[in-house]
Structures are given as structure tokens and as C-alpha cells.
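Engineer:
Number of protein chains: 2
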Amino acid sequence: MSTLELARKAKLASIPLSDTAVELRNRALLAMAEALQERASEIVAANQIDLEASAELGDALRKRLVFNDKKLADVVAGLKALAGLPDPIGRVMTRTELAEGLHLQRVSCPIGVIGIIFEARPDALVQISSLCLKSGNAVLLKGGREALHTNRILAEVIREATVSVGIPGDWIQLLETREDVNEMLHLNEYIDLIVPRGSNSFVKYIMENTTIPVLGHSAGICHLYLDASAESRMAAKIAVDAKSQAPATCNTIETLLVHQEAAGRLLPVVCEALRQAKVELRGDEASRRIVPDLLPATEEDWSTEYLSLVLSIKVVADVQEAVDHINRYGSHHTDAIVTQDAATARFFQRRVDSADVFWNASTRFADGFRFGLGAEVGISTSKIHSRGPVGLEGLTIYKWLIDGSGDTVAPFAEGTRKFTHRTE
Amino acid sequence: MSTLELARKAKLASIPLSDTAVELRNRALLAMAEALQERASEIVAANQIDLEASAELGDALRKRLVFNDKKLADVVAGLKALAGLPDPIGRVMTRTELAEGLHLQRVSCPIGVIGIIFEARPDALVQISSLCLKSGNAVLLKGGREALHTNRILAEVIREATVSVGIPGDWIQLLETREDVNEMLHLNEYIDLIVPRGSNSFVKYIMENTTIPVLGHSAGICHLYLDASAESRMAAKIAVDAKSQAPATCNTIETLLVHQEAAGRLLPVVCEALRQAKVELRGDEASRRIVPDLLPATEEDWSTEYLSLVLSIKVVADVQEAVDHINRYGSHHTDAIVTQDAATARFFQRRVDSADVFWNASTRFADGFRFGLGAEVGISTSKIHSRGPVGLEGLTIYKWLIDGSGDTVAPFAEGTRKFTHRTE
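Heads up: the protein sequence lines correspond to chains A and B, in order.
Using the numbering used here, read the first sequence as starting at 21 and increasing by one per residue.
Using the numbering used here, read the second sequence as starting at 21 and increasing by one per residue.
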């Protein structure tokens with residue numbers, strides 16, 4: 021079937037799906053968990069085929085590709101937790117009496133059809149599709165091609181399990197090729213939102229080649245700014261965590277900014293700690309005057325996402341210069357300040373134009389699970405709809421409902437009837 | 021100056037603007053009101069030039085183009101009302117203790133720079149720019165070219181008035197040509213959201229030619245469905261209001277759907293009332309069997325926005341067929357049902373995939389002012405961010421702030437520290 025046809029089917033299924041009771045959606049999530057456990061050996065066997073075909077991949081990629089009993093246990097636990105969360109749709113957000121007998125409600129509802137493109141990580145397929153199901157959305161899924169066999173069986177198991185309790189089967193559709201993705205980018209009539217995950221260049225490609233709304237982030241150029249009053253031990257601890265706790269992730273810092281008045285006090289301690297964590301350090305001239313054996317940083321370093329144990333360092337005049345640098349070179353993802361001065365922290369948090377702005381905490385906390393949102397479908401640096409970790413709420417929108425009793429606008433226009441606009 | 025340069029300046033101004041106290045923004049709104057009154061004669065004189073150059077325009081367009089004492093009084097009243105509304109930014113939306121001493125807040129903030137393209141209606145310039153100012157956003161404005169002289173003086177007066185109280189002057193930028201708009205569509209780095217208003221084809225052009233997020237609606241193909249249990253008097257009253265109260269507006273109905281069991285009872289009464297309101301009626305075969313002198317409707321009618329006193333009529337089997345027709349041919353804007361049956365009304369409200377879905381009320385109520393949102397910058401049929409009338413809240417987003425005390429992710433990853441995720 022063509023991508024157009026799959027998307028059209030998903031759109032048609034999205035309407036009855038949007039109108040299912042939360043009990044049914046929760047039952048479907050539990051049926052998914054059960055079916056995945058029952059058919060574990062089939063899934064692991066399919067995963068084995070993918071793993072064998074990907075022998076040339078690096079360890080990190082193979083670790084993501086594997087779907088074993090441990091991963092199964094994790095996704096099953098995730099499904100059960102998700103079934104226990106409150107219903108994100110059908111929530112009355114506001115209620116207004118417009119005039120006597122005329123009532124307006126704003127009610128949360130699903131977005132419709134979500135197209136999600138994700139890396140070769142089969143557990144992500146389960147997580148993403150379950151978030152869509154809980155929020156009443158149909159989903160087109162395209163996973164990394166290395167996971168093709170695993171994704172096929174997972175999608176089949178999920179579809180069958182959800183159909184068995186009464187969910188319309190067309191709610192979940194698996195795309196398999198890069199051409200399918202390119203076709204998807206033009207299906208504005210059937211797809212309401214695209215969430216691309218993966219490499220910077222891939223996400224950028226998606227963002228630049230569709231007029232369907234996109235939530236995601238292409239780069240994660242995050243900063244840590246050490247203010248004049250930063251404690252050196254806290255600064256070192258946060259810098260090490262923010263750089264080395266998981267160097268290939270998007271919320272890892274790429275640049276360390278240091279207030280000029282504190283650079284002499286802080287940089288020796290912080291650089292020593294980073295070196296013990298095996299981080300390669302590149303500094304501007306001012307920082308190299310303080311720590312002479314830093315490698316020289318170039319202009320290009322300020323806009324580079326290393327995704328590895330490399331960090332650039334720059335001395336700035338004050339918090340204003342730090343903010344300006346971050347807003348200019350950063351990717352509006354996650355940035356943090358270390359300071360003992362609350363007023364400076366608040367200034368930084370107000371002025372830095374990023375999804376997440378932290379005070380005396382590692383940038384690594386930027387994550388849906390750590391934020392307590394449940395799982396996330398991705399992290400968004402968009403300035404509309406959903407910013408930062410996108411969880412269940414980011415997969416919902418609302419509609420406006422009026423209940424009247426034969427009301428027309430004419431008498432209001434003529435002035436014989438008046439709006440009350442009373443919050444109910 | 022190039023559009024790029026104007027957008028860059030607006031972006032730079034947007035950061036300090038986002039960090040202004042609401043008292044300052046309100047003072048700026050009142051300064052705008054005062055300055056517009058003081059310089060009324062200059063503005064009216066500029067408007068006279070525009071009106072003289074547009075002598076060939078129709079009455080409806082000239083009525084929108086005029087800026088006289090009445091329009092001035094309206095915008096001044098609007099500015100004063102806006103100054104009295106609560107601050108849409110800086111609002112703490114959620115507060116969570118992530119772990120002991122580690123606190124997360126989600127705080128509303130401006131989107132950044134909004135590009136708004138609007139019709140030749142100078143009062144809209146004041147309304148739109150004031151909504152952006154109140155919500156802390158910088159704005160690029162491009163009004164219809166017929167209003168050029170009026171828009172120039174209005175933008176100058178607004179800029180001077182707001183600068184006089186301490187707002188950064190670059191927050192408001194006026195674009196003047198269609199080429200400026202085309203340039204704007206590619207400035208993803210500086211413009212965060214585009215709101216196009218105007219003709220269907222123009223809005224469609226914008227939506228299809230930019231990857232910057234767009235809020236708006238290209239068509240307003242709205243429906244009224246008369247269910248089996250509809251009262252004929254109520255049906256006629258709502259149909260007449262929804263079609264003829266302001267036929268050129270987007271929330272006016274284009275198609276009337278009638279349940280087959282009630283068509284014989286309802287159509288003669290409703291068609292007679294519509295004819296008295298001078299509406300040209302086009303019907304499908306089934307409706308022409310009941311009201312023989314209807315003009316024949318063709319397939320094209322179901323997807324046509326007449327924007328005039330024309331209405332197409334179709335008999336449907338039941339509410340399910342009505343919903344299917346609306347979701348297929350409609351523009352996801354505003355649709356209404358007339359019925360005495362609450363269960364059918366709720367089914368219709370849940371299943372119709374539109375921004376506004378009304379029960380026993382005219383579609384003409386779909387409007388920011390009538391909804392009690394204050395003014396609106398436009399109406400959106402997008403499925404993300406803001407749906408239906410876009411008021412102040414639609415011009416805001418949020419950021420996530422963490423306050424910590426030196427917290428790192430490592431101990432959580434190692435299991436020596438646990439998240440509490442306690443709502444505060």
C-alpha cells in the first residue's frame with residue numbers, strides 16, 4: 021500500500037479512536053503488554069536477524085538495536101505505568117457562560133495523526149505508539165532501517181493486541197523506507213504533526229522539507245555558565261555531569277562560559293575535574309592564559325555539537341555576555357547557570373531563550389522521565405505548542421464547544437442582548 | 021533596511037521585551053492610546069490619502085480601510101481594556117519537586133517574534149500590535165497595500181509612544197511590499213511564528229511556502245446539521261443567522277445538512293426563512309424532491325466557500341453521515357448541530373474534527389471577542405498550539421526552569437538518589 025493510502029487509513033481511524041473511553045485505551049495498553057510478553061520469543065528472534073545483519077555497527081548503536089528480555093521488561097513496565105496515568109483527553113480546560121443559556125467549554129482532544137520517525141531502537145516503537153494510543157492519536161511510524169524485522173513484528177503484535185479489545189486497527193501504520201518518509205512530508209491533508217528524531221542533519225532535512233508542523237530539535241548545543249559567585253566544587257561537579265554523564269545525548273553541554281572575575285579561581289579546578297573525566301578541552305585566549313595547555317578554540321567551536329567528550333571554554337565579561345552568547349550560538353535547548361546569586365540566576369533564566377534553563381543543576385535533567393512527565397516522544401526546540409520534553413500533553417490540542425438553546429449572533433450585534441463572559 | 025535586518029532587530033529587541041514588567045507593558049498600551057488620540061488628525065489625513073487612492077474599491081473594502089473618529093474610539097477602548105487584562109507571561113503553570121532540593125517550574129513566556137500579514141484594515145494594525153506587546157512579543161507587520169499611508173503613521177505613533185515609556189523601539193517593524201513578505205517566509209532564524217490573514221488563496225500560499233510555523237485558516241467551509249429531532253423554528257433562526265448575519269466572514273455556513281427523517285418537516289420552513297434573507301439555495305436531489313425549486317447542487321458545491329448569500333443543501337442518512345461529510349469536505353473551522361437530543365449532540369461534538377463545534381447555536385459565535393478572550397489575532401485551523409480564535413494565550417509558550425543546589429544526574433542513574441516527582 022502507498023504511504024498516502026496508509027495515511028488516509030490512519031486519518032479515518034483517528035476519528036473513532038479520538039472518541040474512545042479511557043478505560044478502553046488503558047485496556048489496550050495492558051493487552052499490548054501481555055501480547056509482547058506472550059510473543060517474546062518471536063520478537064527476540066526477529067531482533068536476532070536485525071542484529072546479525074548489523075554486525076558492522078558500533079557498540080553504542082547495537083546496544084540501542086537490541087531487544088531482549090531486559091528491554092521487554094522495561095517496555096512492559098512502561099505500558100503498565102502509562103495505563104495508570106490520568107486521561108489526557110476530554111479534560112474541560114475552561115468553562116465560560118457567554119450569555120444566559122449559552123455556554124462555552126474548551127476541551128482537550130487528540131491532535132489526530134502523528135508521523136514519527138525514530139532511530140534504530142525497537143523499544144522506542146513501543147513507547148511512542150503507546151503514548152499516541154493513550155492520547156487518542158493515530159500514528160505513522162518509521163524506525164531506523166537496521167531494526168526493520170523487529171519493528172515489523174512489534175507493530176503486528178501491537179496492532180493485533182489493540183484490535184482484540186476494540187481499537188480500530190488502522191490507528192498504527194508502519195512505514196519502511198526513506199521514500200515513504202519523503203512521501204509523508206507532503207501529506208498535509210492526512211498528517212497533523214511530524215516528530216523527527218535522529219541525527220542533526222536528518223532532523224534538519226525534515227524541518228526544511230515539509231510544511232506539516234514539526235516538533236523536534238536538530239541540534240543540542242547546550243551551555244553551562246559559571247557566574248562570578250559560583251562555588252568551585254559545585255561548578256566542577258555540574259560541569260563533569262553535564263559533559264560526561266552521557267556525552268552523545270542532546271542535553272549534554274558543548275560550551276562552558278566563565279565570568280572573567282571568577283575564571284582564575286574556577287577554571288583550574290573545573291578543568292582538572294573534566295580532564296579526570298577524559299574530556300578534551302578547547303579554550304579561547306583568555307581561558308588559555310589561565311590554563312595554558314588547553315587546545316585553542318576557534319569560532320567554529322561555538323556552534324559545534326561535538327556529541328563526544330570535547331568541550332569548548334570561553335571567558336565572558338558578565339552574565340549579559342553569557343546570555344548573548346547562548347542566544348546567538350546555542351540551539352535553544354537547555355542551558356544552565358552556576359551561581360550563589362539569586363538575582364543573577366533569575367536574570368539568566370528570564371533572558372536565555374531556551375526550552376530549559378536551570379540554576380545550579382546539570383543540563384542532563386532535561387528529559388521527560390526526569391521531569392516526571394512519564395515518557396517523552398522527543399524534545400522540542402520549537403517556540404510553539406510544546407517546548408522541551410514532549411510527553412502526553414504535547415500530543416493533545418483542544419476544541420471549543422458551545423451548548424446553546426437556539427442562540428444567534430444578531431441580537432448581540434443589534435445590542436438587544438449582552439455577553440456576560442462569566443467564568444464557570 | 022532589508023527584511024532580514026528588520027527581523028534581526030526585532031529578534032534582538034524581543035529578549036529585553038520578554039523580560040519587561042507587566043506594569044511597563046500596560047503603561048505602554050495606555051501611552052499608545054493617548055498618542056493615537058493626540059495625533060488623530062494626522063492619522064485621519066493619512067487615511068484620506070489611502071481612501072482617495074482606493075476610490076475604485078467596493079463599499080465593503082472601503083469600510084474596512086477607513087480610519088475615522090469612530091474607529092479611533094474603538095481602538096482606544098480596546099487598548100484600555102487590554103491594559104486591564106492579567107499578564108499572560110510569567111505565570112507558573114506547574115511546579116514539581118523532582119527530588120529533595122531540586123525544583124522544576126513551567127513558566128509562560130512570549131513566543132519571540134511574530135510575523136503578521138493582514139488585510140487593508142488599519143485598526144487591525146493597532147489591535148494586533150497591542151496584543152503582541154501585552155504578551156511580550158516583537159512583531160513584523162505587513163498590512164494590505166491600500167492602507168500603506170495609514171499604517172505608516174500608525175506604526176510611527178505606536179513606536180514613539182512605547183519607546184517614550186521604555187519599551188525597546190525595535191519591537192515593532194513595518195514591512196511594506198509583497199517582496200518583504202516573500203523574504204520573511206525564509207527567516208526561520210529570526211521569526212518564530214507567522215499569522216497570515218486575508219483571502220483563501222493568499223493564506224494557502226503562505227502556508228505552502230514557509231517552514232516557519234503558521235497559525236491561520238485558509239478556508240471557512242462551515243456546516244449546520246439539522247438532526248432528526250431539530251425544532252423547525254430554532255433550525256430556521258440559526259440557519260439564517262449562520263448564513264446571512266455577515267455572509268463574507270469565515271465562520272458563516274456554506275452547507276446545510278439535514279437528517280432524512282426530518283427533511284420533509286424542516287426544509288420547507290428553513291428554506292422559506294433563508295429566502296426571505298435573500299439567500300440563493302442549491303440542493304442535492306433528495307432536498308429538491310422536497311423543495312422543488314432549489315437550484316441543483318454539484319459535487320463542487322460541497323467544497324466551495326461562497327463568501328456570499330449562497331447555501332448548498334444536502335440530505336444525509338444520519339448524524340454519522342453528517343460527521344463524515346463535514347470531516348471530508350469541511351475546513352475544520354466551525355460546525356454546528358441543531359437537535360433536541362443530547363446524546364446525538366455530544367456524539368457530533370466529539371466526532372467533528374473542527375476547532376469549534378456548537379450545539380443549538382449559530383456558527384457566527386466563533387470569534388475571540390464573543391468567546392470572551394479579548395481581541396483575537398486570527399482564527400486557526402491548525403491542529404497544534406492554538407485552535408479556533410487565537411488571543412493573548414495563543415501568543416505565549418513556556419519554558420522549563422529548574423532550581424537546584426548543585427544537583428547532577430549521575431546519582432539518579434546509579435540508583436543512589438531517587439526522584440520524588442511531587443506536585444508543589
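Each residue gets a CB set at the ideal place from its N, CA and C atoms; glycine is no exception.
Bridge partners of residue 423 (chain B), per DSSP?
Structural biologist: Numbered from its first residue, the second sequence carries residue 423 (chain B) at position 403. Bridge partners of residue 423 (chain B): A:379, B:123.
Engineer: Verify the CB distance criterion: does residue 376 (chain A) have a CB-CB separation below 9 Å to chain B?
Structural biologist: Taking the first sequence and counting its residues from 1, one reaches residue 376 (chain A) at position 356. So yes, residue 376 (chain A) belongs to the interface.
Engineer: Quick one: what does DSSP say residue 141 (chain A) is sitting in, helix, strand or coil?
Structural biologist: Counting from 1 along the first sequence, the entry for residue 141 (chain A) is found at position 121. Correct three-state label for residue 141 (chain A): coil.
Engineer: Quick check on the DSSP output: the beta strand (DSSP E) that includes residue 302 (chain A) runs from which residue to which?
Structural biologist: Your numbering for residue 302 (chain A) matches position 282 in the first sequence. Run containing residue 302 (chain A): 300 to 303, per the beta strand (DSSP E) assignment.
Engineer: Run the CB neighbour count on residue 238 (chain B), radius 10 Å, all protein chains shown included, and call it buried at 16 or more, exposed below.
Structural biologist: Your numbering for residue 238 (chain B) matches position 218 in the second sequence. Label assigned to residue 238 (chain B): buried.
Engineer: Assuming residue 137 (chain B) and residue 226 (chain B) make a contact with CB atoms under 8 Å, what is their CB distance in whole Å?
Structural biologist: Along the second sequence, read from residue 1 onward, the residue named residue 137 (chain B) stands at position 117. Along the second sequence, read from residue 1 onward, the residue named residue 226 (chain B) stands at position 206. With a Cβ gap of about 7 Å, residue 137 (chain B) and residue 226 (chain B) count as contacting.
Engineer: Could you tell me which chain B residues have their CB closer than 8 Å to the CB of residue 131 (chain A), listed as they occur along the chain?
Structural biologist: Residue mapping note: residue 131 (chain A) aligns to position 111 of the first sequence, counting from 1. Near residue 131 (chain A) (Cβ distances below 8 Å), the residues of chain B are 403, 404.
Engineer: Please classify residue 113 (chain B) as buried or exposed, where buried requires at least 16 other C-beta atoms within 10 Å of its C-beta.
Structural biologist: Within the second sequence, the letter at position 93 stands for residue 113 (chain B). So residue 113 (chain B) counts as exposed.
Engineer: Is residue 36 (chain A) close to chain B, meaning its C-beta is less than 9 Å from at least one C-beta of that chain?
Structural biologist: For this step, residue 36 (chain A) is matched to residue 16 along the first sequence. Yes - at least one Cβ of chain B is within 9 Å of the one on residue 36 (chain A).
Engineer: Does the pairing of the segment 205 to 218 of chain B with the segment 175 to 187 of chain B give three or more beta-carbon distances under 8 Å?
Structural biologist: As far as the Cβ criterion goes, the segment 205 to 218 of chain B does not touch the segment 175 to 187 of chain B, which means the pair count is below three.
Engineer: For the segment 303 to 360 of chain A, list the beta strand (DSSP E) runs that are entirely contained and at least 3 residues long, ordered along the chain.
Structural biologist: Segments of the beta strand (DSSP E) lying fully in the segment 303 to 360 of chain A: 330 to 336, 354 to 358.
Engineer: For residue 103 (chain B), report the span of its beta strand (DSSP E) as first-last.
Structural biologist: For this step, residue 103 (chain B) is matched to residue 83 along the second sequence. It is not in any beta strand (DSSP E) - residue 103 (chain B) instead sits in the alpha helix (DSSP H) that spans 89 to 103.
Engineer: Roughly how many angstroms lie between the CA atoms of residue 72 (chain B) and residue 369 (chain A), to the nearest whole one?
Structural biologist: Locating residue 72 (chain B) in the second sequence gives position 52, counting from the first residue. Locating residue 369 (chain A) in the first sequence gives position 349, counting from the first residue. Answer to the nearest angstrom: the Cα atoms are 51 Å apart.
Engineer: Can you give me, in chain order, the residues of the segment 214 to 236 of chain B that have a beta carbon less than 9 Å from any beta carbon in chain A?
Structural biologist: Against chain A - using a Cβ distance shorter than 9 Å - the residues of the segment 214 to 236 of chain B are 227, 228, 229, 230, 231, 233, 234, 235.
Engineer: So the candidates are A:246, A:364, A:430, A:366; which of them puts its Cα closest to the Cα of residue 333 (chain A)?
Structural biologist: Your numbering for residue 333 (chain A) matches position 313 in the first sequence. Among A:246, A:364, A:430, A:366, the Cα nearest to that of residue 333 (chain A) belongs to A:246.
Engineer: Could you compute how far the alpha carbon of residue 99 (chain B) sits from the alpha carbon of residue 432 (chain A)?
Structural biologist: Along the second sequence, read from residue 1 onward, the residue named residue 99 (chain B) stands at position 79. Along the first sequence, read from residue 1 onward, the residue named residue 432 (chain A) stands at position 412. If I take the Cα positions, the gap works out to 22 Å.
Engineer: Would you call the segment 275 to 283 of chain B and the segment 244 to 259 of chain B in contact, with 3 or more CB pairs under 8 Å?
Structural biologist: Yes, since at least three Cβ pairs between the segment 275 to 283 of chain B and the segment 244 to 259 of chain B fall closer than 8 Å, the two stretches touch.
Engineer: Residue 115 (chain A): which of A:106, A:128, A:103, A:107 sits nearest, CA to CA?
Structural biologist: For this step, residue 115 (chain A) is matched to residue 95 along the first sequence. Measuring from the Cα of residue 115 (chain A), the nearest candidate turns out to be A:128.
Engineer: For the segment 339 to 352 of chain A, which residues have a beta carbon sitting closer than 9 Å to at least one beta carbon of chain B?
Structural biologist: For the segment 339 to 352 of chain A, which is checked against every Cβ of chain B, the residues closer than 9 Å are 343, 344, 347.
Engineer: Which residues mark the beginning and the end of the alpha helix (DSSP H) in which residue 162 (chain A) is found?
Structural biologist: Counted from its first residue, the first sequence places residue 162 (chain A) at position 142. Here residue 162 (chain A) belongs to no alpha helix (DSSP H); instead the beta strand (DSSP E) covers 158 to 162.
Engineer: According to the neighbour-count rule (16 or more other Cβ atoms, all chains shown, within 10 Å of its Cβ), is residue 338 (chain A) buried or exposed?
Structural biologist: Here the question's residue 338 (chain A) lines up with position 318 in the first sequence. Exposed, because fewer than 16 other Cβ atoms sit within 10 Å of the Cβ of residue 338 (chain A).
Engineer: Among the residues of its own chain, which have a CB less than 7 Å from the CB of residue 490 (chain A), if the five just before and after it don't count?
Structural biologist: Here chain A comprises residues numbered 21 to 444, so residue 490 (chain A) is not present and cannot be evaluated.
Engineer: Rank B:230, B:425, B:177, B:269 by C-alpha distance to the C-alpha of residue 382 (chain A) and give the top, closest one.
Structural biologist: By one-based count along the first sequence, residue 382 (chain A) stands at place 362. Looking at the Cα atoms, B:425 is the closest of the given residues.
Engineer: Answer with yes or no whether the minimum CB distance from residue 528 (chain A) to chain B is below 9 Å.
Structural biologist: One cannot answer for residue 528 (chain A) here, as it falls past the ends of chain A, which runs 21 to 444.
Engineer: Got a sec: which bits of the segment 417 to 440 of chain A sit with their beta carbon under 8 Å from any beta carbon on chain B, in order along the chain?
Structural biologist: So the close ones are 417, 418, 419, 420, 421, 422, 423, 424, 425, 426, 427, 428, 429, 430, 432, 433, 439.
Engineer: Which residues, in order along the segment 112 to 136 of chain B, keep a beta-carbon less than 7 Å from a beta-carbon of chain A?
Structural biologist: Residues passing the 7 Å Cβ filter: 116, 118, 122, 124, 131, 132.
Engineer: Just list the residues that DSSP pairs residue 442 (chain B) with in beta bridges.
Structural biologist: The sequence position of residue 442 (chain B) within the second sequence is 422, counting from 1. Its beta-bridge partners are B:117.
Engineer: Can you tell me whether residue 22 (chain A) is helix, strand or coil according to DSSP?
Structural biologist: Numbered from 1 along the first sequence, position 2 holds the residue referred to as residue 22 (chain A). Note: residue 22 (chain A) maps to coil in three-state DSSP.
Engineer: In angstroms with no decimal places, state the Cα-to-Cα distance between residue 415 (chain B) and residue 195 (chain B).
Structural biologist: Residue 415 (chain B) sits at position 395 when you count from the first residue of the second sequence. Residue 195 (chain B) sits at position 175 when you count from the first residue of the second sequence. About 20 Å.
Engineer: Between which two residues does the alpha helix (DSSP H) harbouring residue 40 (chain A) extend?
Structural biologist: As a position in the first sequence, residue 40 (chain A) is number 20, starting the count at 1. Residue 40 (chain A) -> no alpha helix (DSSP H), and no H or E assigned at all.
Engineer: Using the Cβ count rule (16 or more neighbours within 10 Å means buried), how would you classify residue 103 (chain B)?
Structural biologist: Reading the second sequence from its first residue, position 83 is the one you call residue 103 (chain B). The residue in question, residue 103 (chain B), is buried, as its Cβ has 16 or more Cβ neighbours within 10 Å.
Engineer: Between the beta-carbon of residue 264 (chain A) and the beta-carbon of residue 298 (chain A), is there less than 9 Å?
Structural biologist: As a position in the first sequence, residue 264 (chain A) is number 244, starting the count at 1. As a position in the first sequence, residue 298 (chain A) is number 278, starting the count at 1. Yes, they are a contact pair.
Engineer: Flag residue 373 (chain A) as yes if its beta-carbon sits less than 9 Å from any beta-carbon of chain B, otherwise no.
Structural biologist: Position 353 of the first sequence, counting from 1, holds the residue named residue 373 (chain A). Chain B contact via Cβ: present.
Engineer: Does residue 308 (chain B) pass the burial test, meaning 16 or more other C-beta atoms within 10 Å, or should it be called exposed?
Structural biologist: As a working mapping, residue 308 (chain B) is identified with position 288 in the second sequence. Buried, because 16 or more other Cβ atoms sit within 10 Å of the Cβ of residue 308 (chain B).
Engineer: Which residue marks the beginning of the alpha helix (DSSP H) containing residue 284 (chain A), and which one marks its end?
Structural biologist: The residue given as residue 284 (chain A) occupies position 264 in the first sequence. It spans 280 to 296 - the alpha helix (DSSP H) in which residue 284 (chain A) sits, taken as one unbroken run.
Engineer: Keeping to the same chain, check which residues put their C-beta closer than 7 Å to that of residue 201 (chain A); ignore five residues upstream and five downstream.
Structural biologist: Residue numbering aside, residue 201 (chain A) sits at position 181 when the first sequence is read from its first letter. Result list for residue 201 (chain A): 137, 162, 195, in chain order.
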